[in-house]
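In what follows, a single structure is set out as structure tokens and then discussed.
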Amino acid sequence: MLPTGKHKPEMLGLLGTIIDDIRGRALDAALESRLNERFGAGSDAYQNLRRLLELGIDEGWVAYVDIQGAAYRRGCIAEPAAQTAELSVESGLLENVKGQYHCHTLGEINMIMPIDADANFCGHGAGWKVFPPMSEHFPTVKGRALMMYFLPQGR
Numbered sequence: 004m005l006p007t008g009k010h011k012p013e014m015l016g017l018l019g020t021i022i023d024d025i026r027g028r029a030l031d032a033a034l035e036s037r038l039n040e041r042f043g044a045g046s047d048a049y050q051n052l053r054r055l056l057e058l059g060i061d062e063g064w065v066a067y068v069d070i071q072g073a074a075y076r077r078g079c080i081a082e083p084a085a086q087t088a089e090l091s092v093e094s095g096l097l098e099n100v101k102g103q104y105h106c107h108t109l110g111e112i113n114m115i116m117p118i119d120a121d122a123n124f125c126g127h128g129a130g131w132k133v134f135p136p137m138s139e140h141f142p143t144v145k146g147r148a149l150m151m152y153f154l155p156q157g158r
């Protein structure tokens, strides 16, 4: 069972709106543009997601597992299910981390929320980054950032 807290139902409701927009779409540059236009850094949805993630850290249901101490923490918000379009939703709190090289066989959607003004994930600042199926990279965060990862089938 995943951790929960006072604000997690609100987060799941907001995620439902975003996931419904993602549902059935290819993980590609067009989806990345759409997410940044509809739910990007200047939007109310983005600001609400950030607020809820910060509350989730305090409540213990966001970034609750130490991977590399305070520099790299992760946690699962939602497991793949019909209501999440078979996406798992993961959270991360990272600072100057270079992860292991890997391939996204099914793709990956990332929401990047810099804590440090110049923080970025794989060269991308505040907003959304979509990795298409079969893309490969070293996941790298420069500076300190709060993130969400949407993983098809949890992979």
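Residue numbers (our numbering): 4 to 158.
We treat Cβ as the ideally placed atom computed from N, Cα and C, and that holds for glycine.
For clarity, every value in this text was computed on a predicted model and none was experimentally measured.
Query, Result
"Note down, in chain order, each residue of its chain lying with its Cβ closer than 7 Å to the Cβ of R77, except the 5 sequence neighbours on either side.", "A66, V68, I70, E93, S94, G95"
"In the structure shown, what three-state DSSP assignment does K9 receive?", "coil"
"So what's S46 in DSSP terms, helix, strand or just coil?", "coil"
"For G102 and Q156, what's the separation of their Cα atoms in angstroms?", "21 Å"
"Taking the beta strand (DSSP E) that M114 falls in, what are its first and last residues?", "111–117"
"Does the distance from the CB of E13 to the CB of L55 come in under 8 Å?", "yes"
"Which word fits T87, buried or exposed, when buried means at least 16 other C-beta atoms lie within 10 angstroms of its C-beta?", "buried"
"From I112, G59, A148, pick the residue whose C-alpha is nearest to that of D121; which is it?", "A148"
"Can you have a look at K9 and say buried or exposed, based on whether 16 or more other CB atoms are within 10 angstroms of its CB?", "exposed"
"With 16 as the cutoff for other CB atoms within 10 Å, does H107 come out buried or exposed?", "buried"
"Among E62, G59, L17, which has the Cα closest to the Cα of S46?", "L17"
"Whose C-alpha, out of G19, T7, I21, D31, is nearest the C-alpha of S138?", "D31"
"Where do the ends of the beta strand (DSSP E) carrying W64 lie?", "That residue, W64, is in no beta strand (DSSP E); it is neither H nor E in DSSP."
"Give every residue of the same chain whose Cβ lies closer than 8 Å to the Cβ of L109, excluding the five residues on either side of it in the sequence, and list them in chain order.", "L30, P136, L154, P155, Q156, R158"
"Using DSSP with H/G/I as helix, E/B as strand and the rest coil, what is E93?", "strand"
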